[in-house]
Amino acid sequence: MAYDRELANRIRELLAPQRGVDEKAMFGGLAFLIADTWR
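Taking numbering that gives the first Met the number 0, I'd label the letters of the sequence shown as residues 0 to 38.
As structure tokens, then:
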């Protein structure tokens, strides 16, 4: 599954101040995990 890199960068910027956020490459796309759960 392809993803929009520009959108991913916008999400990264929004989540940057949050604690406990992790980004994982999954199934050809990205998943953002907050406190070890998918969002």
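Glycine included, C-beta positions come from ideal geometry on N, C-alpha and C.
| query | Going by alpha carbons, who is nearest to ASP3 out of THR36, LEU29, ALA15, GLY19? | reply | LEU29
| said: 8 angstroms is my cut-off, CB to CB: does LEU6 come that close to chain B? | reply: Within the model displayed, chain B is absent; a lone protein chain is all it includes.
| message | Measuring straight from C-alpha to C-alpha, what distance separates PHE26 and ALA7? | response | 15 angstroms
| Residue range of the unbroken alpha helix (DSSP H) whose run includes ALA7 | 4 to 14
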